[in-house]
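Protein chains: 2
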Amino acid sequence: MSHPERAAIRNRLLTAALLLLGALPLRAQDGGAIARRYKSAADRIIAAAMADTLAYSRLATMTDTYGSRLSGSPGLERAINWVLARMQDDSFANVRGEPVMVPHWVRGQESATLVSPRPWTLHMLGLGGSVGTPPEGITAPVLVVNSFDDLAAHAAEAKGKIVLFDSPFPTNVPPMEAYEINVAYRGGAASAAAKVGAVAALIRSVTPHSQQTPHTGSLRYQADVPKIPSAALSVEDAELLHRMQNRGDPIVLTLKMQARTLPDAPSRNVVAELRGSERPDEVVVLGGHIDSWDVGEGAMDDAGGAFAAWEAVRLIKALGLKPRRTLRVAMWVNEENGGRGGRAYRDQHLAELPKTIAAMESDNGVFRPYGFRFQGSAAGLAVAKQIGTLLDPIGAGLVEAGDGEADVGATIREGVPGFALSVNDSTYFWYHHTDADMMTVIDRDDFRRCIATMAVMAYVLAEMPEELPRQ
Amino acid sequence: MSHPERAAIRNRLLTAALLLLGALPLRAQDGGAIARRYKSAADRIIAAAMADTLAYSRLATMTDTYGSRLSGSPGLERAINWVLARMQDDSFANVRGEPVMVPHWVRGQESATLVSPRPWTLHMLGLGGSVGTPPEGITAPVLVVNSFDDLAAHAAEAKGKIVLFDSPFPTNVPPMEAYEINVAYRGGAASAAAKVGAVAALIRSVTPHSQQTPHTGSLRYQADVPKIPSAALSVEDAELLHRMQNRGDPIVLTLKMQARTLPDAPSRNVVAELRGSERPDEVVVLGGHIDSWDVGEGAMDDAGGAFAAWEAVRLIKALGLKPRRTLRVAMWVNEENGGRGGRAYRDQHLAELPKTIAAMESDNGVFRPYGFRFQGSAAGLAVAKQIGTLLDPIGAGLVEAGDGEADVGATIREGVPGFALSVNDSTYFWYHHTDADMMTVIDRDDFRRCIATMAVMAYVLAEMPEELPRQ
Numbered sequence: 507m508s509h510p511e512r513a514a515i516r517n518r519l520l521t522a523a524l525l526l527l528g529a530l531p532l533r534a535q536d537g538g539a540i541a542r543r544y545k546s547a548a549d550r551i552i553a554a555a556m557a558d559t560l561a562y563s564r565l566a567t568m569t570d571t572y573g574s575r576l577s578g579s580p581g582l583e584r585a586i587n588w589v590l591a592r593m594q595d596d597s598f599a600n601v602r603g604e605p606v607m608v609p610h611w612v613r614g615q616e617s618a619t620l621v622s623p624r625p626w627t628l629h630m631l632g633l634g635g636s637v638g639t640p641p642e643g644i645t646a647p648v649l650v651v652n653s654f655d656d657l658a659a660h661a662a663e664a665k666g667k668i669v670l671f672d673s674p675f676p677t678n679v680p681p682m683e684a685y686e687i688n689v690a691y692r693g694g695a696a697s698a699a700a701k702v703g704a705v706a707a708l709i710r711s712v713t714p715h716s717q718q719t720p721h722t723g724s725l726r727y728q729a730d731v732p733k734i735p736s737a738a739l740s741v742e743d744a745e746l747l748h749r750m751q752n753r754g755d756p757i758v759l760t761l762k763m764q765a766r767t768l769p770d771a772p773s774r775n776v777v778a779e780l781r782g783s784e785r786p787d788e789v790v791v792l793g794g795h796i797d798s799w800d801v802g803e804g805a806m807d808d809a810g811g812a813f814a815a816w817e818a819v820r821l822i823k824a825l826g827l828k829p830r831r832t833l834r835v836a837m838w839v840n841e842e843n844g845g846r847g848g849r850a851y852r853d854q855h856l857a858e859l860p861k862t863i864a865a866m867e868s869d870n871g872v873f874r875p876y877g878f879r880f881q882g883s884a885a886g887l888a889v890a891k892q893i894g895t896l897l898d899p900i901g902a903g904l905v906e907a908g909d910g911e912a913d914v915g916a917t918i919r920e921g922v923p924g925f926a927l928s929v930n931d932s933t934y935f936w937y938h939h940t941d942a943d944m945m946t947v948i949d950r951d952d953f954r955r956c957i958a959t960m961a962v963m964a965y966v967l968a969e970m971p972e973e974l975p976r977q
Numbered sequence: 507m508s509h510p511e512r513a514a515i516r517n518r519l520l521t522a523a524l525l526l527l528g529a530l531p532l533r534a535q536d537g538g539a540i541a542r543r544y545k546s547a548a549d550r551i552i553a554a555a556m557a558d559t560l561a562y563s564r565l566a567t568m569t570d571t572y573g574s575r576l577s578g579s580p581g582l583e584r585a586i587n588w589v590l591a592r593m594q595d596d597s598f599a600n601v602r603g604e605p606v607m608v609p610h611w612v613r614g615q616e617s618a619t620l621v622s623p624r625p626w627t628l629h630m631l632g633l634g635g636s637v638g639t640p641p642e643g644i645t646a647p648v649l650v651v652n653s654f655d656d657l658a659a660h661a662a663e664a665k666g667k668i669v670l671f672d673s674p675f676p677t678n679v680p681p682m683e684a685y686e687i688n689v690a691y692r693g694g695a696a697s698a699a700a701k702v703g704a705v706a707a708l709i710r711s712v713t714p715h716s717q718q719t720p721h722t723g724s725l726r727y728q729a730d731v732p733k734i735p736s737a738a739l740s741v742e743d744a745e746l747l748h749r750m751q752n753r754g755d756p757i758v759l760t761l762k763m764q765a766r767t768l769p770d771a772p773s774r775n776v777v778a779e780l781r782g783s784e785r786p787d788e789v790v791v792l793g794g795h796i797d798s799w800d801v802g803e804g805a806m807d808d809a810g811g812a813f814a815a816w817e818a819v820r821l822i823k824a825l826g827l828k829p830r831r832t833l834r835v836a837m838w839v840n841e842e843n844g845g846r847g848g849r850a851y852r853d854q855h856l857a858e859l860p861k862t863i864a865a866m867e868s869d870n871g872v873f874r875p876y877g878f879r880f881q882g883s884a885a886g887l888a889v890a891k892q893i894g895t896l897l898d899p900i901g902a903g904l905v906e907a908g909d910g911e912a913d914v915g916a917t918i919r920e921g922v923p924g925f926a927l928s929v930n931d932s933t934y935f936w937y938h939h940t941d942a943d944m945m946t947v948i949d950r951d952d953f954r955r956c957i958a959t960m961a962v963m964a965y966v967l968a969e970m971p972e973e974l975p976r977q
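Taken in order, these protein sequences are the chains called A and B.
Take the first sequence: its letter number 233 is residue 739 in our numbering, and every next letter is one higher.
Take the second sequence: its letter number 299 is residue 805 in our numbering, and every next letter is one higher.
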């Protein structure tokens, strides 16, 4: 165990030196010693990424050919097979699918139809994990509320009704914070409504913008409460029903959902490596998730992120760069409705996590990147900020403290420094978990910038003799 | 005929004087004599409009209750009945439905399903006026082209195929100009494809933004070419098929459309008046169209415009203002698929058009108004600009030369000066002719500004002793 101890002492000394250098005004201007050392390699990586066409082509081929990739679906497994074959084509090392048992929820046919005050086909998507309705559907009067508190105030009126939570996406905080607030209804509507005797629960889709676009996503049933069917309506239709209620119109609708949960299904995390030239047992892992919801083609959420990481490592390899440590591409499975892939990765790689230098994920869409949110020590952040300056030429040099993404969460909690690609997410929730999550969302140049951003950071983390400081 | 002659001479003299005054720098700053004269009334109108809640409430009630209003539909006639009843409630004069025979196209059930290379339910809307398919649908290979020229270059490959025109909405010109260019495909795809032996024609929806949102609208069959079914796909799905073709995937889809054209149906232009206090036979007519496509609820296109005009006149009346000339609210029918209402209005009011001072319409959505496009003489424009300054307090004072709207076109061609409400149309085509044309698009404050803008201009045109100069 003497090698790690020596390495730790060396790292601490180097880090202290780096921080000192970085603190000097003259040095700070060009990002410090690390940035200067890797400027040439970073510029080559950026140039290659900004001219890249393969990643977009592959992303389109996979998403167009296999479509959406919900856990348990044949499309997901076919897509994984295709990716593994292409990674073999790329001559990556240790290309493999690591087994993960995943939940298997199936949507089936579904509809929500307004019966009164006038016929109208509502724009709906059942929520992931929901139980179904009887085959004839559930026809019931509707109670519209705007919050959990509002439901509590009208609890006596909810029995036997379909409760609709028309709670708008907050616009007074950034999108991700607004999502965290608003998604409470997606998760909790069903059990909250069931507690007061409702027969089904609907929510207003979790989004700041709509074109009659329903958004799916997971719900959470409370263990001690009856499970009732739950679905999202488009913003427009939720507002329509709310106005009808405000006018005193008697609202009745029929909800039909064939949704059901089948036994867990076998799936895989996708892993491939560029083995380190000097310290192959030290790993920088980067990726996104390969599964998606069962709508659209999951190009934004999150094939784009997964493929950006893949192409980042492929470009480093193609440029003939041979970083000291291993770069590992990971495409986690089941991010959307279980998080099994991220936890399985942590469990299956537990022994090597002490030597895992960083875990990086892109899962906010491959929009124009700002840089990274870094989850780790202050010393680690200081080094990451220095490396970040190498990305200033493409406007992606911002590194700030913040949370990592879902799939790397379990790994980060084991002490591994985390990097989340930070992007302009102003339109992310427009497409999130919808049929509009298609290749059309992907901007070629923004995607290239994301590839460059992940590649430069991952390369320097894998190449620099210093180990990124941990807690 | 001596009165009109005297009036004409008086008007010319007054106009010359006004233009002279308007040209003086000191006068120009406050908009000139007319603006000064009506400043107080305009401010009262603006204040009332900016506090208005009735128009929004009525707009929501009508659109939510009766839904979309395609010519020939029961919903349209019920909505017209409701509006006429409310106009009676408002104690307007001469409230009436003026008979118009309208085309009666019915969509029926429809679908487009990708058979190869993979199953996928395409997001489609049949185009208005299209013929249907046989009950079993049309299953055929797909040829994707990006323009009429591209089809000509691949004419030999089109026989027996479904031709898809994937022609993007131009982004290098303002939205309305882009629409005029791009809509050529909606109108002409069917006959262009039929000429080279295609069995059906699809277009990419005419829009700069999509969330899997198909856009309908009228097509035009050429008389000497076989009529083939035609529909719009969402932008995403058109791009999907185009990418599949570029990759060499064999594309086959099944198109099913029950569309048919029934005999013309009776409908009505809605008209109501605030009779002029001194010259009731001189008329300022303002409105929008009451019909819509058979998707969404037609709140933006164009119930909002029609209701803004209605509320404009109702507010003038409620404020106790008694303009000299008659203010006439008109809600034309069949703007969307025939223009019969606008022509019927011209024909039925032909005798009074020489005394029609102005014809004003809002049909670009009730978004933030800039002011007006004015279609008429230079002298008329100069006066309209002066009146426009009264709207500077709400940022709606811009009056520029430009074309009027569709329904008033026939009237304008008879020499009547035309006013088109000019608005920020940057998102208009996102919702245009889609299921997303719902009340959610309507911003309460922008709607109020539109009401104020139409009301101030219409009031001054009806009240000022001078007649707005014609050609």
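Ideal Cβ positions, reconstructed from N, Cα and C, are used throughout, including at glycine.
Since the structure is predicted, the reported quantities are computational estimates derived from the model, not experimental observations.
Proximal residues of chain B, C-beta to C-beta of residue i below 8 Å
i               : result
D596 of chain A : Ordered by position in chain B, no residue passes the 8 Å Cβ test against D596 of chain A, which lies about 19 Å from the chain.
G573 of chain A : R624, W626
Beta carbon proximity, residue i to chain B, threshold 8 Å
i               : result
W936 of chain A : yes
Supposed contact pair residue j and residue i - C-beta distance, whole angstroms, cut 8 Å
i               : j               : result
S798 of chain A : L576 of chain A : 7 Å
L825 of chain B : R550 of chain B : 6 Å
P735 of chain B : I644 of chain B : 7 Å
N587 of chain A : E779 of chain A : No, N587 of chain A and E779 of chain A are not in contact; Cβ-Cβ is about 19 Å, not under 8 Å.
Min CB distance residue i to chain A below 8 Å
i               : result
R749 of chain B : yes
L746 of chain B : yes
T619 of chain B : no
E583 of chain B : no
R753 of chain B : yes
V650 of chain B : no
Where residue i meets chain A, residues with beta-carbon distance less than 7 Å
i               : result
A566 of chain B : R749
D465 of chain B : The shown model of chain B, from 507 to 977, leaves out residue 465 of chain B, and the question about it has no answer.
CA-to-CA distance, residue j to residue i, given in whole angstroms
i               : j               : result
Q728 of chain B : A707 of chain B : 14 Å
N930 of chain B : G811 of chain B : 14 Å
R624 of chain B : M944 of chain B : 33 Å
Y562 of chain A : M568 of chain A : 10 Å
H939 of chain B : M806 of chain B : 9 Å
L565 of chain B : A809 of chain B : 7 Å
Q594 of chain B : S724 of chain B : 34 Å
G903 of chain B : H795 of chain A : 52 Å
T946 of chain A : G538 of chain B : 51 Å
D743 of chain B : F878 of chain A : 33 Å
Y851 of chain B : V689 of chain A : 52 Å
Chain-ordered chain D contacts of residue i [CB-CB under 8 Å]
i               : result
S716 of chain A : The displayed structure is made up of protein chains A and B, and chain D is not among them.
Contacts of residue i in chain B (Cβ-Cβ under 7 Å)
i               : result
E742 of chain A : A942, M944, T946
message = As an exercise, report each continuous beta strand (DSSP E) stretch of at least 3 residues that is fully enclosed by the segment 767-813 of chain B, in chain order.
response = As far as the segment 767-813 of chain B is concerned, its whole beta strand (DSSP E) runs of at least 3 residues are 785-795.
query = Which whole runs of the beta strand (DSSP E) in the segment 732-765 of chain B are 3 residues long or more, in chain order?
reply = 736-739, 758-763, all fully within the segment 732-765 of chain B.
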